[in-house]
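This report refers to the structure that appears directly beneath it.
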Amino acid sequence: MNILIFGATSGIGQALAKQYANQGHRVAITGRRQEKLDEISAQLPGSYLPIRHDIRNTEQTDSVIMQAHQTFGSIDLIIVNAGIGKFNLELDWPVCESVIKTNVIGVTKALTAGYNYFRQQHQGHLVNISSVASLLGGAANPTYNASKAYQANFMEALWIKASKSKKNKISVTDIRPGFVDTKLAQGETFWKADVETAARQIIKAIQKKKKIAYITKRWALVAWAIKRMPKFVLKKI
Ligand SMILES: NC(=O)c1ccc[n+]([C@@H]2O[C@H](COP(=O)([O-])OP(=O)(O)OC[C@H]3O[C@@H](n4cnc5c(N)ncnc54)[C@H](OP(=O)(O)O)[C@@H]3O)[C@@H](O)[C@H]2O)c1
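Add 2 to the 1-based position in the sequence shown for the numbering used here, that's all there is to it.
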C-alpha cells in the first residue's frame, strides 16, 4: 500500500508510520520538524518519503499530495493526524487561534484535498484522527474539543458523500482516541494507552474500514456514557 500521513513526526502519527513501514508499505510522512522527518526516514531507508509541511500552509497541501502521488504512482490511504491541543483555562486568544488554524483550517484543507484526490482516482481510504473529546465541551481547552467536534462532523459528511457515490469507492474512517501517551496528552492519567497499542488498534480499524473507531476499544464505553450523561455531571468533570 502507498500511504500518506499528515503529522507523522511524533506520537500517534510516528507510530502509525513505523508500523506501516515495518509491514512493507511505503509511507509519505509530513510535519514541520525536518530533523524528525530525517531521523524516521533513516531508520528504514527506501520506505519513507519525508515531506516538510506545515498543515496551516493550505496553499501547499495539494502539492504534498502530488509529491506523494508522483513518487509512489498512486496513494491508497491518507491519514490526517496533525493536531495540537494546549490547556487554555484563560481563553487566551493566540492559543484559540493556533488550535483553529491547525485543527480546523489545516485539517479541513488536508481532508478536502485528500477526498478530491481519491475522487479523481475513483478509490482510496481517507482517515482522520479526531478524539473522544469531540463528544463534549472541554472547559480546560474549549477550542480543542470544539475543533474535534468539527472534525467528527466533517468526517460524517464525507462518509455520507462517499456512501452515495456510485462511481467512486472511497472509504472514510473517523478515529477517536481517548488518552494516548504522547506529548499532547501530558498530564492526563486516566486509561492512557501506550502509543504502539493505539497505533495497532488504529491500523486494525482502518483495515476493517470502520466508519468510527474508539481507541483503545474501551473508550467506546466512555463515548456511550458521555452521550447519555446528564448535563449537571459535565460541571464535575
Ligand atoms: N494523545 C492523545 O491522548 C490524543 C487523544 C485524542 C486525539 N489525539 C489526536 O491525535 C493526533 C496526534 O496527536 P499526538 O498525541 O500523537 O500528539 P504529538 O505527539 O504532539 O504529535 C502531533 C503531530 O502533529 C504534527 N503537527 C502539529 N502541528 C502541525 C502543523 N502545523 N503542521 C504539520 N504537522 C503538525 C506534529 O508534527 P510537527 O510538530 O513536526 O509539525 C506531530 O507529528 C492529534 O490530532 C490529536 O488531537 C491525541
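Virtual Cβ for every residue (Gly too), placed ideally from N, Cα, C.
Fair warning: this is a prediction, and the values are worked out from it, not measured in the lab.
Only exposed fits residue 235, as fewer than 16 other CB atoms lie within 10 angstroms of its CB. For residue 210, the distance from the CB to the nearest heavy atom of ligand 1 is not below 7 Å.
Residue state for residue 26 is assigned as coil, using DSSP reduced to three classes.
Residue burial is scored here from C-beta neighbours: residue 176 has at least 16 other C-beta atoms within 10 angstroms and is therefore classed as buried.
Remark: the C-beta of residue 84 is in contact range of ligand 1, defined as less than 7 Å to any heavy atom. Cβ-Cβ separation between residue 50 and residue 82: approximately 18 Å, too far for a contact (criterion under 8 Å).
Looking at the DSSP output, residue 176 bridges to 130 and 214. Rounded to whole angstroms, the separation of the alpha carbons of residue 223 and residue 231 is 12 Å.
Inter-residue distance for residue 16 and residue 195 is about 15 Å (C-alpha atoms, whole angstroms). Here residue 14 is not near residue 129, since their CB atoms are 8 Å or more apart.
With fewer than 16 other CB atoms across the displayed protein chains lying within 10 angstroms of its CB, residue 89 is exposed.
171 is the residue among 140, 131, 171 and 202 whose C-alpha sits nearest the C-alpha of residue 123.
For residue 34, DSSP assigns no beta-bridge partner whatsoever.
Straight through space, the alpha carbons of residue 214 and residue 70 are spaced by roughly 26 Å. Residue 212 and residue 183 have their C-alpha atoms spaced approximately 23 Å apart. Here DSSP, grouped into helix, strand and coil, assigns residue 125 to strand. Following the DSSP letters along the chain, one finds residue 220 in no beta strand (DSSP E), marked with neither H nor E.
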